[in-house]
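In full-length UniProt numbering, the protein residues as written are 1 to 1226. Shown next, in C-alpha cells, is the structure this report addresses.
This is how it looks when you write it as C-alpha cells:
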C-alpha cells in the first residue's frame, strides 16, 4: 500500500491512528483505523471500505506490545461487507470485597522485623532423653494409662505397660523385624493401641497410626504397608484375618516361647514415630518425629506450666493425629503423669461425658479444638441445672484449629458456674511437624485479643522454649510485625523431613532450614497471632478472606447449627475468580431460603463480601477428619462438580453484589513515530515565546506569517510582535485589537521554571486569539512534566496547562488542540524535538510526550492484580476529613465509621448552625443518626494555623495522635473559557489544593499517618465549561506525584468519575452524557466499595469510574478486549425498527441534518451529536421540537444510537404526536 494512501487516512480529522498490513493476496491490505472521539465508527468504516483492495476494520485502539510496536496477534479479523453495525459489548462487572483495615494495633511506630525466639529449654540431669527411657522411669511410679469407652475402663499401670510392651516387641522381632522397621497401627481398641505404641518404641520399631477401616475398605492399609516396604499391620482380629500382613496385639504378646525383648536404646535424633499428615485430599505425607522432639515437647509443656509431673490429663481425640499421641500419651509418660483416654465417639455421642470424666478422674489438664468446645457449650445450654466438681481442673488447652474468641467466650461463660475462668484457658499453636506446641499463651493475658483488619484474633503467645518463629512474604523476604505473611518455624523439635518425599521437603523447607508451616500469621510485640491456613482462604478478585472468619459470622445466625459451617472458594471460570460458597447444617427444618438470605445479608454487611452459593447439608454430608477438622477442600470440590446441586438453596447468591469493573491507572506507553509531510502549522501564527531561547530557535522552522508575544513589565510593539505584562488586562486587549484571525497558537510560556501562572496566562491567551467562536490550532508545550525516564524534574504547574488545552479541545470541537511534553534539553534540541513532534500523527491525541525521538501516549490500564498491601485504614483509628461535610464525605465517613469504629474530625468552611446550610445540616444528621463518632470544626482551610489548632485539640480529646488525613475539599465552577476571569485563577488558593497542602503538612509531622486524596477524573479528562476545576484536579495529580517522589510520602489519590445524585453531582441531568464519554455515574455504595478496595493497593493515582466503551477513553484503554467497534451487519441482529419507529427516525435525521455536520443514520451514536453539554441540550431540544413530544432525559442519554432512541420512543408510545393530528391533516 502506498505511503500516500496511509497519509490520506491519517489526514482525516475523524482518524486518530491507523495500521496497514499486507493481506495474503498480493496487492491487497488489511487496514485498521481508530476513530476520533466525536466520529461515527460506522461512517468511518463505510467511507474507507469504498477503497478497492483493502479490508477495513474500525477499532477502539491499535493493540501494542510493551515496546510500542503493533501486536499483530491481537488484531481481530479484517473483513469486507456490504453494511456494518456497531459492536455492542458489556461494561464488565466483578465482585468487589471490601478489604477491611490492615493495621488496627497500637504498636510502636518503630519498625521491627517479625522474628521471635523462645527461652532456652530447661533440661535437668534426671530427665529422660528418649521414649524407652521415659517409660522405664514412669514404670517406677504409681501412675497409669486409663482407657475409657462404652464398655467401661481399662487401667494399665506403667510397670504393667512396660511388661506388655516388651512382650509385643519380642513378637515383632520374632517376625524378623529389625530396629528402624515401620509398623502400621490401625486399632479401634484404645487399650490395644497403647500397648502397640509402646511395644514398637521399646523394640526400636517406628509406628505409624492409621484409622481402622471397615473390612471392605482395607485397601488403604495395604497401600500404606506397601509404601513402608511391606510393614506389618497391627489391627483387630476380624480385619487382621483378611490381610496378608495383618496381625493382632494378642498374637504378638502371647507368641510361644518368645523371650521378653531387651529395651532398645535409640539415639535421641532417631525417628521415633511417623504421623500421617491430616486433611490431605491426595496421598498423605509421612511426618518423621524424633525421640528428641517428643521428649523436649514434654519438657517445654512442663516449663510453661501446662501440666506438672504426677498430674492427670484427659484426651478424647483420636490417635491418628499428633496431639493425642505426642502431646498426651507420650508426653504423660515422659513427665510421669496419669494419662486418661476416652474414645472419640463415646464423647461426641454425649458431650457431657467429657465433664463426667473430668470429675471422676480429678483431671488437671484436658484439651480440644474449637469444635469440641462449641459442642460442649451447646450441650451445657441444654442442661442448665447439671453440676460437676471441676476443682482439680487447672488448664484447658485450645489447639488443633483456628482459635476463635467468640467460641472461647461462650465456653467460659457456660463453665463459669463450675469455677472455670479465663486463667485456666491456654492456647498453643503447633503442628505435627513441630511435635505439636511451638507457642503458648494464657487467655487471661492482657494482650490475648489482637485486632487486625477489623477482626479480633486470639494471641497464641510467645514462642515456646526452644522454638523460633518468623513471618515472611511470598518471596521469603522478612516482614515487619503486624504484617500478615507466611509463618515459618525452626528448632530442635521440627521434623527432619517427610519420609521419602524429596519434592515435599523441597517445598516445605528453606535452604537455611526454616519450615514453612502453611499458616498465615503475624507477630504482635513478639507474640504469634494465627490468621488462618494459607489453603483455608477464599480468594475473591485477588483479595483473601479467611474461611474461619466467615464461618464465625455464620455460626451466630438464626437457623444455623453451631459447629457445622464451612466457607470455601468455588472457581468461577466466567469471572476468573472464586465465588464464596457457604455450606451449613440447618438447626431446624424451617425455610432454608430465609436462613440463606440472613447469611447473605450478614456476610455482605459485616465483611462487604458477596455470597455466590449456599448449600444446606445434612450432618452426614458435612465432612470432617477424624481429628474434627472441617474438610473444606472436599466441600469445595463437591460444590464445583455439582455433587451438592440438590442442596444449593435457590434464589440466593449468584452474581449479585457485583460492581462495575472500572478502576484504572494511567501508564505512558511508547508508540512508533508516524511522521507526516509537514508540521501542519498554518499562518497566521501567534507564538507565546519563552525566555529560555526555544522560541528563537523554533521560529526558524516557521513560515513568515507569525508574531511573537513575550513577557515583560511594559507594553510595547516589537519588530516581530509584542511585549506585555500578562497580569494586565489592558495589555491583552491591545494585542487582541492588533491581531487578525490567527490560525495557530503555540504557547511556550509553560517551558519556563515552575510557576503558578501557566494556566491563568493560557486562558488569557485563548481569549485573546479566539475570535467569534472560530476554532484554531492550539499547541501548548512543557518540558519534563511527566516523569517517564526517571531523569525529568516533574514540573507540577504544567499539568494545569495540559488541562486547559484539553478543555479548549472540548469547547471548540472544530479546532485542533494538543499538549506536548518534551524532554529537558538545550533550547536548540528542544526546538528540534518540538518540530519533529508536530510533524507526527500522534498529535491527533489530546496529549503526547516525546522522549528520545519517540512519542509516548497515555494508556489506561485496568487494575485487577491481587491486593498485596494492607489498607491504611485502622480499626478504632482517628481521622481528620478536610471538606468531609459534603455528599461524598458523608457517604464515605458513614461507611468507614460503621466498619472501623473510627473517630472523625470533619473540617468544613461553614458553621453547622449558619444560615442557608440546610444540606450541611442534613448530612450531619445522617452521620449522627448512623452512630458515627464524628466532631465538626468550622475552619477555613486557608488558615493553616487554625486547622492545626483544631487537629491538635482533637488529638488531645482522643488521647492519641492522628492516624490519617482524608482530603475531600474542592469547589466546582461551571464557566466557559470565553467567560473565565483570569484574575480569579489563583488555583493554589482553591479548597482542593489548599486542603492538599495542609493535609501534607499534617502528615509530614506525623510519619505514621496516611494521606488519602479524593479528586475528580476532570483532571485527567476535562469537560467543556470546567477549565478551573479541571486544572485544579490536574495540579493535585501532579502535586501528589511530586510529594511521593520528593518526600517519599505514601499518598493515595482517588480520581472519581461521578457519584450518582451525590455532592456536586446532585441534580445533574446529564449523567448519561458523561457516561457516553466514558465516565460512569456510580451508585454511592459501589463508589465506597471501590474506594475502600483501592486503598488496599500500593499508594498511587487511581481512576475510579471509567467505562472503557466511552468515546473519550476507548482509544486509551490498554487491553485487547473488545477491540472492534464495527462488525458486518450479517453477524448481528438488524435494527428491525417497526414502521412507525422508522418514520420517527426519518423525522429525527431531517431535524438534525446540517446541524452536526455529520452524515446521520440509525447507527449514529448520540454521543457523536454534541461534544458539550450545551450542544447536547440543543440536540435534545431539536428532536423534541421535530417530534412534537417530550423525550425523557433518561431515555435520551441511555439510547446508544439514533435508531435505538427511535425504537425506545416507539415502545413507550411517545412518538404518537408525529403521526397525530398534524400528520393526518396533510
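All residues carry an ideal CB built from backbone N, CA and C; glycine is no exception. Every value quoted in this text rests on a predicted model; they were computed, and no experiment measured them.
Residues of its chain near residue i, where Cβ-Cβ distance is below 7 Å and the 5 sequence neighbours each way are ignored
i            : result
residue 12   : none
residue 123  : 299
residue 246  : 233, 235, 239 and 240
residue 1043 : 1000, 1049 and 1051
Same chain, Cβ closer than 6 Å to residue i, five either side skipped, listed in chain order
i           : result
residue 819 : 780, 802, 805 and 847
residue 527 : 459, 461 and 462
residue 139 : 158, 159 and 162
residue 78  : 30, 55 and 57
residue 338 : 143, 144 and 312
Presumed contact (8 Å Cβ cut-off) between residue i and residue j, rounded CB distance
i            : j            : result
residue 823  : residue 851  : 5 Å
residue 951  : residue 962  : 7 Å
residue 938  : residue 912  : 7 Å
residue 1107 : residue 1079 : 7 Å
residue 478  : residue 486  : Incorrect: roughly 11 Å between the Cβ atoms, too far for contact.
residue 722  : residue 709  : 5 Å
Separation of residue j from residue i, as counted between CA atoms
i            : j           : result
residue 297  : residue 66  : 56 Å
residue 707  : residue 685 : 6 Å
residue 1034 : residue 858 : 14 Å
residue 542  : residue 582 : Here residue 542 scores only 46 on pLDDT, less than 50, and its place in the model should not be relied on; the value that follows carries that caveat. Each residue's Cα considered, the two are about 19 Å apart.
residue 175  : residue 207 : 16 Å
residue 105  : residue 799 : Model confidence at residue 105 stands at a pLDDT of 46, short of 50, so the residue's coordinates are unreliable; what they give is reported in the following sentence. Rounded to whole angstroms, residue 105 to residue 799 spans 39 Å at the Cα level.
residue 56   : residue 49  : 6 Å
residue 745  : residue 688 : 8 Å
residue 953  : residue 606 : 32 Å
residue 229  : residue 503 : 20 Å
residue 45   : residue 755 : 45 Å
residue 886  : residue 994 : 17 Å
residue 293  : residue 317 : 21 Å
residue 743  : residue 705 : 10 Å
residue 989  : residue 570 : 52 Å
residue 936  : residue 928 : 11 Å
Outcome for residue i when other beta-carbon atoms lying within 10 angstroms are tallied against a minimum of 16
i            : result
residue 21   : exposed
residue 73   : exposed
residue 967  : buried
residue 80   : exposed
residue 970  : buried
residue 964  : buried
residue 385  : exposed
residue 1207 : buried
residue 789  : exposed
residue 1103 : buried
residue 631  : buried
residue 25   : exposed
residue 690  : buried
residue 35   : buried
residue 473  : exposed
residue 69   : exposed
residue 916  : exposed
residue 629  : buried
residue 923  : buried
8 Å Cβ shell around residue i - same chain, five flanking residues per side excluded
i           : result
residue 364 : 307, 308, 311, 312, 313, 392, 393, 394 and 395
residue 135 : 158, 161, 162, 165, 198, 201, 202 and 333
7 Å Cβ cutoff, residue i in contact with chain C
i           : result
residue 912 : The question asks about chain C, but that chain is absent: this structure has only one protein chain.
(request) Give a yes or no on contact between the segment 422 to 434 and the segment 487 to 495, applying the rule of three or more CB pairs nearer than 8 Å. (result) Yes, they touch.
(message) If contact is defined by three or more beta carbon pairs under 8 Å, each pair taking one atom from either stretch, is the segment 167 to 187 in contact with the segment 247 to 256?
(response) Yes: the two stretches touch, three or more of their Cβ pairs being nearer than 8 Å.
(message) So, does the segment 665 to 673 touch the segment 728 to 744, judging by three or more C-beta pairs under 8 Å?
(response) Contact between the segment 665 to 673 and the segment 728 to 744 is absent, because fewer than three Cβ pairs lie under 8 Å.
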